[in-house]
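In UniProt numbering, the protein residues as written are 1 to 169. Don't be surprised by glycine CBs; every beta carbon is placed ideally from N, CA and C.
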């Protein structure tokens, strides 16, 4: 039987970074060993591509800006519930929010919870998980904080479905 070593998320990420750096060094070893006159310039692209034939870079930039300015952002409540009317929001079932401190959507989650309350909707709960990132459910095998977050999600789903048991949080 083999011994299992528990590792933290930061240890696993550090090991991955070391492994990637080792592969990069192996791939660049020949380049480092050549005299400077024989070295090809390092390129970030996977394959060589011919440069785009356009007028000036500023023309391309202004073209892109014009396209962006002409396009409209769809304000469809099926894309984002923030665009729903107060009437529609009031018809929603109680809303359970789970947000993370390390989530780029944290502000959006808080704003929507406030929007639900302001519209007369029902906010059943708002859980803020410290020290976990967006997508934390993918890291439950590596992080006790993420496992705790998963248990909170499971508890909220059970509450929403009316399944009552002792708290697992």
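| Asked | Found |
| --- | --- |
| Going by DSSP, which residues form a beta bridge with residue 98? | 127 |
| Contact between the stretch 102-116 and the stretch 137-145: three or more CB pairs below 8 Å? | no |
| How many angstroms separate the CA atom of residue 93 from the CA atom of residue 159? | 12 Å |
| Which same chain residues end up closer than 8 Å to residue 116 when comparing Cβ atoms and leaving out the 5 residues on each side of it in sequence? | 89, 92, 95, 122 and 123 |
| State the DSSP-derived secondary structure class of residue 144, mapped to helix, strand or coil. | helix |
| Just verifying my parser: in three-state terms, what is the DSSP assignment at residue 164? | coil |
| May I ask you to report which of helix, strand or coil DSSP gives residue 73? | coil |
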